[in-house]
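258 is the number of the first residue of the sequence shown in my numbering; add one for each residue after it.
Just so you know, even glycine gets a beta-carbon here, dropped at the ideal spot from N, CA and C.
Inspection log for the structure reproduced underneath, given as structure tokens.
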Amino acid sequence: MLIALLPGDGIGPEVIAQARSVLAALALPDLHFEEAPVGGAAYKALGVPLPEATLDLARRADAILFGAVGDPDCDALERHLRPEQAILGLRKHLNLFANLRPAKLFTDLANASALRPEVARAIDLVIVRELNGDVYFGEKGMRKTADGKREGYDVMSYNEDEVRRIARVGFETAMARSRKLCSVDKANVLETSQLWRDVVIETAREYPDVALSHMYVDNAAMQLVRNPGQFDVIVTGNLFGDILSDQASMCVGSIGLLPSASLDANQKGLYEPIHGSAPDIAGQGKANPLATILSAAMMLRYSLKLPEAADRIEAAVAAALASGARTADLGGSMTCEAMGEQVLVRLT
Ligand code: NAD
Numbered sequence: 258m259l260i261a262l263l264p265g266d267g268i269g270p271e272v273i274a275q276a277r278s279v280l281a282a283l284a285l286p287d288l289h290f291e292e293a294p295v296g297g298a299a300y301k302a303l304g305v306p307l308p309e310a311t312l313d314l315a316r317r318a319d320a321i322l323f324g325a326v327g328d329p330d331c332d333a334l335e336r337h338l339r340p341e342q343a344i345l346g347l348r349k350h351l352n353l354f355a356n357l358r359p360a361k362l363f364t365d366l367a368n369a370s371a372l373r374p375e376v377a378r379a380i381d382l383v384i385v386r387e388l389n390g391d392v393y394f395g396e397k398g399m400r401k402t403a404d405g406k407r408e409g410y411d412v413m414s415y416n417e418d419e420v421r422r423i424a425r426v427g428f429e430t431a432m433a434r435s436r437k438l439c440s441v442d443k444a445n446v447l448e449t450s451q452l453w454r455d456v457v458i459e460t461a462r463e464y465p466d467v468a469l470s471h472m473y474v475d476n477a478a479m480q481l482v483r484n485p486g487q488f489d490v491i492v493t494g495n496l497f498g499d500i501l502s503d504q505a506s507m508c509v510g511s512i513g514l515l516p517s518a519s520l521d522a523n524q525k526g527l528y529e530p531i532h533g534s535a536p537d538i539a540g541q542g543k544a545n546p547l548a549t550i551l552s553a554a555m556m557l558r559y560s561l562k563l564p565e566a567a568d569r570i571e572a573a574v575a576a577a578l579a580s581g582a583r584t585a586d587l588g589g590s591m592t593c594e595a596m597g598e599q600v601l602v603r604l605t
């Protein structure tokens with residue numbers, strides 16, 4: 258199996274190096290790595306943020322492990338040359354329509370959460386967010402009203418196929434966990450949401466073992482901080498998922514801890530930490546590599562179908578944190594490499 262490693266910019270190469278060491282230490286047969294430049298690093302070397310050879314590697318690979326893109330040197334470039342275009346291009350070219358973001362509190366980090374520890378301790382959920390549709394991709398523009406005032410508009414829409422395919426990812430994810438799925442929408446106000454709800458209910462017939470519930474997005478935002486333990490898998494559209502997944506991630510503490518997956522219809526995916534390239538700490542050895550190491554675990558689980566190997570990584574991360582290993586974002590002083598080492602020595 259071929260894994261494309263795309264380290265990117267800033268702390269990307271530092272955290273990818275640690276994840277690669279952990280993957281290599283699993284000693285899985287038939288796991289091969291190939292690395293390619295992406296983002297600002299690719300622009301500086303080859304003049305474009307997503308070179309053809311990088312895209313080709315991403316297409317050939319069984320899964321992609323991505324660091325982060327973003328480089329202040331490139332901020333003045335035309336938009337299509339900016340590093341961030343690389344991740345948008347990969348999502349588009351590879352048809353990555355399902356974004357999975359687990360949020361789980363490591364028991365030893367209850368104090369890192371913005372919530373009270375007794376509330377935070379219950380968090381163990383996955384948000385399944387649709388990534389290729391909704392108001393972000395509808396017709397948009399600026400126009401003038403009849404009385405000459407400026408007006409901005411963005412059209413929200415989903416067709417039933419788009420809703421069905423992401424609903425199925427939600428149900429499949431629920432099947433692999435506690436068989437509880439909460440669909441979040443705004444069906445009391447939006448026609449797009451009414452279609453969403455109708456199609457999710459139709460799709461539920463394919464998954465009789467999953468308990469389906471529905472929640473309006475405003476209530477979901479409130480419940481996520483009031484009682485996050487009630488959620489297991491949440492499925493929602495692009496806009497609502499964008500907001501709720503950031504909210505959920507802050508409920509569990511540092512941005513340096515959270516992995517994500519973006520999947521196509523065959524569960525081929527791109528796996529990345531939710532953080533960016535953190536130029537403020539790049540090159541100083543201060544980055545927390547755990548979000549990337551946990552992204553590698555997700556890759557093993559979802560795309561490579563190696564759940565035992567994923568469990569081994571997740572257990573080693575939990576053990577490292579339980580032993581008191583802490584990078585600066587978690588209130589400690591350990592370097593990126595030292596944290597990687599703490600995980601490595603606990604791999605069983
Ligand atoms: P960021 O996530 O890079 O950093 C936000 C803050 O969190 C910074 O203080 C940073 O030091 C800290 N931080 C982030 N990751 C950390 C880690 N692993 N360990 C310890 N601390 C960590 O967000 P930003 O500063 O808004 O953006 C910086 C650049 O990253 C921008 O160019 C932005 O466009 C890009 N970005 C890229 C992605 C991506 O590649 N998918 C995502 C978000 C932002």
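Kindly indicate which three-state DSSP category residue i falls into: helix, strand or coil?
i, result
"K562", "coil"
"L514", "helix"
"A310", "helix"
"G486", "helix"
"Y464", "coil"
"N356", "strand"
"D442", "strand"
"V385", "strand"
"F290", "strand"
"E449", "What sits at residue 449 in the sequence shown is Thr, not Glu. Three-state DSSP puts T449 in a helix."
"E396", "coil"
"M596", "helix"
"L285", "coil"
"T605", "coil"
"H532", "coil"
"D455", "helix"
"G346", "helix"
"K301", "helix"
Looking only at DSSP bridge pairs, what is residue i linked to?
i, result
"R407", "K401"
"L263", "F323"
"L527", "I321 and S519"
"Y473", "D442"
"I491", "I384 and C439"
"D361", "The sequence as given places Lys at residue 361; Asp does not occur at that position. D381, per the DSSP bridge assignment."
"P584", "A small correction: the amino acid at residue 584 is Thr; Pro does not occupy that position in the sequence shown. Bridge partners of T584: M591."
Using 8 Å as the limit for Cβ to Cβ distance, is residue i near chain D?
i, result
"G398", "Of the protein chains in the structure, only one exists, and it is not chain D."
Use the C-beta contact count for residue i: other C-beta atoms within 10 angstroms, 16 or more gives buried, fewer gives exposed.
i, result
"M399", "exposed"
"P206", "As displayed, the chain neither begins before 258 nor continues past 605, which places residue 206 out of reach and without an answer."
"P286", "exposed"
"E408", "exposed"
"E270", "In the sequence on display, residue 270 carries Pro and not Glu. Classification of P270: buried, given that the 10 Å Cβ count is 16 or more."
"M479", "exposed"
"S534", "buried"
"Q275", "buried"
"E419", "buried"
"N545", "buried"
"G327", "buried"
Is the beta carbon of residue i within less than 7 Å of some heavy atom of the ligand ADP?
i, result
"T592", "Ligands present in the displayed structure are limited to the ligand NAD, and the ligand ADP is not among them."
(Q) Tell me whether the segment 352 to 359 and the segment 373 to 391 touch, counting them as touching only if at least three CB pairs, one residue from each stretch, are closer than 8 Å. (A) yes
Q | the segment 328 to 342 / the segment 293 to 300 touching (three or more Cβ pairs under 8 Å) | A | yes
**Q.** contact_flag[the segment 493 to 500, the segment 387 to 398] where n(CB pairs < 8 Å) is 3 or more
**A.** yes
Q) Counting pairs of beta carbons, one from the segment 411 to 431 and one from the segment 459 to 467, are three or more of them closer than 8 Å? A) yes
Q.
Under 8 Å, with one C-beta from each stretch per pair, do the segment 507 to 517 and the segment 427 to 447 reach the 3-pair mark?
A. no
Q | the segment 477 to 486 contacting the segment 312 to 322, beta-carbon criterion three pairs below 8 Å | A | no
Q: Examine the Cβ distances between the segment 529 to 536 and the segment 467 to 481 and report whether three or more of them are shorter than 8 Å.
A: no
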